[in-house]
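In UniProt numbering, the protein residues as written are 1 to 389. Structure, as structure tokens:
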Amino acid sequence: MRTKVAIIGAGPAGLLLGQLLHAYGIDNVILERQTPDYVLGRIRAGLLEEGTVELLDEVGAGSRAHREGLVHEGVELAFAGSRHRIDLKALTGKTMMIYGQTEVTLDLMNAREAAGLTSIYEAADVEPHDFDTDHPRVSYVKDGVACELTCDFIAGCDGFHGVSRASVKPSAIKTFERIYPFGWLGILSETPPVSHELIYSNHARGFALCTMRSMRRSRHYVQCSLDDHVDQWPDERFWDELKRRLDQKAVDSLITGPSIEKSIAPLRSFVAEPMRFGRMFLAGDAAHIVPPTGAKGLNLAASDVRFLSHALREYYDEKSSAGIDDYSRRALSRAWKAVRFSWWMTSILHKFPDQGEIGARIQVAELDYLVHSRAATTSLAENYVGLPY
Ligand code: APR
Ligand code: PHB
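Structure below.
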């Protein structure tokens, strides 16, 4: 089989790239290791920047997000027993949208199917080859049969554990990593949200976050130990711990209920440089990971594929390599700023094992400064709603 762009991975990065390329008349094939149901079963964050929603609109996959997504004009920070609202809309003119990553993925899958584009799910042993030549190809096994996809370019959209980044020779890539000394325990429940906006809480017992998927479904997180296991966290213990980390008003409006999903996620900052290796590009989690505190993971995947799709359009329509030559620099420049922001949000909101009392006091002083300084609040708001592309 032959295509212009072979996309490895059918997560949000691969699916969105596929639709953008299709819109620009560039044919592409997606190879995905898992089944569609498996991909849709992964529960991830759900906060979209306006720029991400615009990309969904551009590929005709945004209508359900506009119908069902919740537009948020502000966000709340809780610390030292009280809550402070940051008016994102007033400070930046922009809003955020709550719309689960699962829904984004489903809408993009449906758009791809409607456009009749080829996606090969359950593709085993996917491997990119010869991307340092003009004739790259991807080998894989489907239903026990060895197959090959020849192409002009390979897009590695296969997440943090994917094969694309792993195929690059070590001397050609540099990676940067920080692993945080705690995790997030998250639960999903069929209960109304505590408040109509998100609450990020700094507390002596650790961080907590109240978020949502809809007006009937809540998502809550508490900072936990990396050694913890979900079995140690029956629902009752989770709700008790969450209540201890929230202000009284939030506790009074918290409606608890049985969890329908519960998981622990580690927190990591990771960047691979560069994001282009000859005729192979990395995009999304394959190239960088941010801790979820700034809600940037999915939005960064979206900005990467926007840069990449424009670069490839330039290559095919204008016969110019300028865009693909500049892809890595542009994508990394935006990614590093989100890495910085996500690290900073994580550092002011979590309890670190070695921070001591002085560290806790300094965090509260920073948060207090933050919510009372227009300059500092604006800086947070600008980053939270997403930096310009
Ligand atoms: N062969 C084929 N497909 C693979 C391989 C492989 N060897 N390895 C991984 N994949 C697939 C995974 O099964 C997954 O469906 O690549 C896809 C990668 O998707 P994501 O992990 O969702 O990554 P990405 O599309 O970059 O999305 C970024 O997802 O992880 C969150 O926080 C992150 O929200 C952000 C978003
Ligand atoms: C979520 O809704 O799951 C979510 C929202 C904001 C974050 C992280 C996760 O910062």
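Note that the Cβ used here is the ideal one computed from N, Cα and C, for glycine as well.
Q: Pull up the distance between the alpha-carbon of R279 and that of D152, whole angstroms please.
A: Going from the Cα of R279 to the Cα of D152 covers about 7 angstroms.
Q: Between the Cα of Y24 and those of D130, L88, K4, spot the shortest distance and give me the residue it belongs to.
A: K4
Q) Under 7 angstroms from any heavy atom of the ligand APR, does the C-beta of E103 make it? A) It does not: the Cβ of E103 is nowhere closer than 7 angstroms to a heavy atom of the ligand APR.
Q.
Following a CB-centred definition, is G284 positioned closer than 7 angstroms to any heavy atom of the ligand APR?
A. yes
Q) Is DSSP giving S139 helix, strand or coil here? A) strand
Q. Where do the ends of the beta strand (DSSP E) carrying L198 lie?
A. Element bounds for L198: n/a, residue is neither H nor E.
(Q) According to DSSP, simplified to helix, strand and coil, what is M97? (A) strand
Q. For R219, is the classification buried or exposed, using 16 other Cβ atoms within 10 angstroms of its Cβ as the cut-off for buried?
A. Looking at its Cβ environment, which holds 16 or more other Cβ atoms inside 10 Å, R219 is buried.
Q: To the nearest angstrom, report how far apart A360 and K249 are at their CA atoms.
A: 23 angstroms
Q.
Quick test of the definition: if touching needs 3 or more C-beta pairs under 8 angstroms, does the stretch 200-210 touch the stretch 309-328?
A. Cβ pair count under 8 angstroms is below three, so no.
Q) Cβ of R216 versus every heavy atom of the ligand PHB: is any distance shorter than 7 angstroms? A) no
Q. Does DSSP put W233 in a helix, in a strand, or in coil?
A. coil
(Q) Residues around the ligand PHB, please: the ones whose beta-carbon is closer than 5 angstroms to some heavy atom of it, in chain order. (A) A45, G46, L47, T211, R219, P292, A295
Q. What does P266 pair with, by DSSP beta-bridge criteria?
A. G183
Q: Count the other CB atoms, across all protein chains shown, that sit within 10 Å of the CB of K174; report buried if there are 16 or more and exposed otherwise.
A: exposed
**Q.** Exposed unless 16 or more other CB atoms sit within 10 angstroms - verdict on Y221
**A.** buried
Q: Report yes if the C-beta of C157 is less than 7 angstroms from at least one heavy atom of the ligand APR; otherwise report no.
A: yes
Q) S328 by DSSP, collapsed to three states: which one? A) helix
Q. Looking at R33 and the ligand APR, is the gap between the Cβ and the nearest heavy atom below 7 angstroms?
A. yes
Q | Per-residue burial, R329 [other beta carbons within 10 Å of its own, 16 or more giving buried] | A | exposed
Q: Pull up the distance between the alpha-carbon of Q363 and that of I348, whole angstroms please.
A: 5 angstroms
(Q) Can you give me the C-alpha to C-alpha distance between A146 and L332, rounded to a whole angstrom? (A) 35 angstroms
Q: Determine the closest residue to residue 394 out of H203, F238, W184, with distance taken between C-alpha atoms.
A: Outside the displayed range of the chain (1 to 389) lies residue 394, so it cannot be described from this structure.
Q) CA-CA distance, Y180 and R44? A) 19 angstroms
Q: Please work out which residues of its chain come closer than 7 angstroms, Cβ to Cβ, to Y315, disregarding the five sequence neighbours upstream and downstream, and give them in chain order.
A: Counting only residues of its own chain and dropping the five nearest sequence neighbours on each side, Y315 has a CB closer than 7 angstroms to the CB of S321, G323, I324.
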